[in-house]
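Structure record follows, encoded as structure tokens.
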Amino acid sequence: VIGDLKKMSPEWLRGTTLRGYGVNLTVGIGLPIPILNEEIVQWTAVRDEEIYAQIIDYSDAYPKGKSDSLAEVNYAQLKSGKITIQGKGVPTASFSSYAKARKIAGILKNWIKKGEFFLTEPVELLPSVDSGITFKPLRERKIR
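Following our numbering, the numbering of the sequence shown begins with 1181 at its first residue and continues without gaps.
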């Protein structure tokens, strides 16, 4: 995603910090998903109970390069505010705002309805194999 920070609304930009990781810029972005047929509806109409995430203790796993998963829970459990890990109740909190996401979706929906949202040609293409750009290899770790 490429954008001009000077033209962005401060409502969608936040400076955030995460202990052990440092300072970040958190940006709210709305992406339209074109619903062209019933198959796309089925793939996009996913409930929180159907989306799963691994629970990882990053204070231990990240510095040691471990991929230990403590549990697997669904988004409904995470959004409830409390999950159980190894028999203990653990409070949960979101890095994102569901209310802000709904607001962004509403704004984008209105732009589309009014004909004010246009698809454009890519500003820049992703690098191809013969572009000469090299990346460090990603060390893959097995999830246990």
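The beta-carbon is built from N, C-alpha and C at its ideal position, and this holds for glycine as well.
Item to complete: Just list the alpha helix (DSSP H) runs in the stretch 1245-1304, keeping only unbroken ones of 4 residues or longer that don't cross its boundaries, in chain order.
Response: 1255-1259 and 1278-1294
Worksheet item: Between the C-alpha atoms of Gly-1312 and Ile-1265, what's the straight-line distance to the nearest angstrom?
Response: Numbered from its first residue, the sequence shown carries residue 1312 at position 132. Numbered from its first residue, the sequence shown carries residue 1265 at position 85. Distance between the alpha carbons of Gly-1312 and Ile-1265: 46 Å.
Item to complete: Return the first residue and the last residue of the beta strand (DSSP E) that Thr-1206 is part of.
Response: In the sequence shown, counting from the first residue as 1, residue 1206 sits at position 26. Counting along the chain, the beta strand (DSSP E) containing Thr-1206 begins and ends at 1202-1207.
Worksheet item: So Ile-1235 is in the beta strand (DSSP E); what residue range does that whole segment cover?
Response: Within the sequence shown, numbered from 1, the residue matching residue 1235 stands at position 55. Counting along the chain, the beta strand (DSSP E) containing Ile-1235 begins and ends at 1232-1235.
Worksheet item: Going by DSSP, what residues sit across from Arg-1194 in a beta bridge?
Response: Here residue 1194 refers to the residue found at position 14 of the sequence shown. The partner list for Arg-1194 (beta bridge, DSSP) reads Thr-1206.
Item to complete: Compute the Euclidean distance between the alpha carbons of Ala-1241 and Thr-1224, then round it to the nearest angstrom.
Response: Position 61 of the sequence shown, counted from the first residue, corresponds to residue 1241. Position 44 of the sequence shown, counted from the first residue, corresponds to residue 1224. Those two C-alpha atoms are separated by around 32 Å.
Worksheet item: Three or more beta-carbon pairs under 8 Å between the stretch 1254-1265 and the stretch 1279-1295, yes or no?
Response: no
Fill in: C-alpha distance - Pro-1190 paired with Gly-1202, whole-angstrom precision
On the sequence shown, residue 1190 is found 10 positions in, with the first residue counted as 1. On the sequence shown, residue 1202 is found 22 positions in, with the first residue counted as 1. Their backbone Cα atoms lie some 21 Å apart in a straight line.
Practice prompt. Using 10 angstroms around the beta-carbon of Val-1303, count the other beta-carbons present and answer buried if the total reaches 16, otherwise exposed.
Written response: Walking along the sequence shown from the start, residue 1303 turns up at place 123. Val-1303 is exposed by the Cβ-count criterion.
Fill in: Backbone CA spacing between Ser-1308 and Thr-1300 [nearest angstrom]
Locating residue 1308 in the sequence shown gives position 128, where the first residue counts as 1. Locating residue 1300 in the sequence shown gives position 120, where the first residue counts as 1. So the two alpha carbons sit approximately 21 Å from each other.
Item to complete: Output the distance between the C-alpha atoms of Pro-1243 and Ala-1251, rounded to the nearest integer angstrom.
Response: If you number the sequence shown from 1, residue 1243 lands on position 63. If you number the sequence shown from 1, residue 1251 lands on position 71. When rounded, the distance between both Cα atoms is 19 Å.
Discussion item. Using the three-state DSSP reduction, which class does Lys-1186 fall into: helix, strand or coil?
Written reply: The residue given as residue 1186 occupies position 6 in the sequence shown. DSSP places Lys-1186 in helix when its eight states are reduced to three.
Worksheet item: Does the Cβ of Val-1207 have 16 or more other Cβ atoms within 10 Å, making it buried, or fewer, making it exposed?
Response: Along the sequence shown, read from residue 1 onward, the residue named residue 1207 stands at position 27. So Val-1207 counts as exposed.
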